[in-house]
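In my numbering, the protein residues as written are 22 to 246. No residue lacks a Cβ here, since even glycine has one placed at the ideal position from N, Cα and C. Worksheet for the structure shown next.
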């Protein structure tokens, strides 16, 4: 467990004194009010508090005029994204775009005359549950080589879903991960009818992807492969 924001205020006291407490850390999305954190069997002394899972602190955007050649009727979108360090701004933008695209998928199949509904919802639900179970399979259960498994663990890639969302170029940035490991990963994903660069419905993942720590990367390709 790594404390990203060491300036986060946990509590205040009237005077200098020793504070002894046990804190519960969990994974989630968005915001969860303190009342929702209450449990029927919790012991006396537990104080449920609001949970803020989003790593994004502030977002600002501007639409500016842009010129392309002799044309000046173009617009340029400028985004300013600030995070608390749990993920980079690029990762926040990518994941936010995927979530937005998923929510808008419902409009892509609209027909002007008719709406097509799923005839057999039970089959659809069973297929979705099977996919969810597959995507949340631990990478430690798919019989990878020691080197490949260590690279994934060091990069906080813990499930098949997290792995399939990565592109080849992203994988090759990790320390000690070369072309042999890449080929092994691609062949293993193929066994599960998956591939790198998949567009994964993040709502199927029990835990959202976690940014890799800085020491998981290296500037130059690994020479051992």
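In chain order, what residues of the same chain lie with their CB nearer than 7 Å to the CB of residue 113, ignoring the 5 residues before and after it?
Excluding positions up to five away in sequence, the list reads 76, 77, 102, 104.
Cβ pair residue 74, residue 51 closer than 9 Å
A contact, by the Cβ cut-off of 9 Å.
Relative to the alpha-carbon of residue 210, which residue among 124, 32, 119, 163 has its alpha-carbon at the smallest distance?
Closest option to residue 210, Cα to Cα, is 163.
Since residue 50 is in the beta strand (DSSP E), which residue starts that stretch and which ends it?
The continuous stretches of beta strand (DSSP E) do not include residue 50, and DSSP gives it neither H nor E.
Give me whichever residues DSSP pairs with residue 92 in a beta bridge.
Residue 92 pairs with 89.
Pull up the CB-CB distance for residue 196 and residue 237, whole angstroms please, since I reckon it's below 8 Å.
So it is a contact: roughly 6 Å between Cβ atoms.
Report yes or no: do three or more beta-carbon pairs, one from the region 148–159 and one from the region 190–208, lie closer than 8 Å?
Output reads no: the region 190–208 does not touch the region 148–159.
Indicate whether residue 180 and residue 110 have their beta-carbon atoms separated by less than 9 Å.
Going by C-beta atoms, residue 180 is not nearer than 9 Å to residue 110.
Whose C-beta lies closer than 7 Å to the C-beta of residue 213 among residues of the same chain, with five residues either side of it excluded?
Same-chain partners within the cutoff: 155, 181.
For residue 41 and residue 59, I'd like the C-alpha separation in whole angstroms.
The C-alpha of residue 59 is placed about 21 Å away from the C-alpha of residue 41.
Cα-Cα separation, residue 203 to residue 170
The alpha-carbon separation between residue 203 and residue 170 amounts to approximately 12 Å.
Given a cut-off of 9 Å on the beta-carbon distance, is the pair residue 151 and residue 220 in contact?
No, they are not a contact pair.
Helix, strand or coil for residue 224? Go by DSSP, reduced to three states.
The answer is helix: DSSP assigns residue 224 an H, G or I state.
To the nearest angstrom, report how far apart residue 32 and residue 66 are at their CA atoms.
Straight-line Cα distance between these residues: approximately 15 Å.
Determine the closest residue to residue 188 out of 115, 225, 234, 165, with distance taken between C-alpha atoms.
Each of 115, 225, 234, 165 was checked against the Cα of residue 188, and the nearest Cα belongs to 115.
Going by beta carbon distance, what residues of the same chain come within less than 6 Å of residue 230, once the five residues before and after it are set aside?
Only 183 meet the Cβ criterion.
Enumerate in chain order the residues of its own chain whose CB-to-CB distance from residue 194 is below 6 Å, with the five nearest sequence positions on each side excluded.
The answer, listed in chain order, is 238.
Thinking C-beta only, is residue 223 closer than 9 Å to residue 147?
No; because the gap between Cβ atoms is not below 9 Å, this pair is not in contact.
Pairwise C-alpha distance: residue 49 and residue 63:
Rounded to the nearest angstrom, the gap between the Cα atoms of residue 63 and residue 49 is 20 Å.
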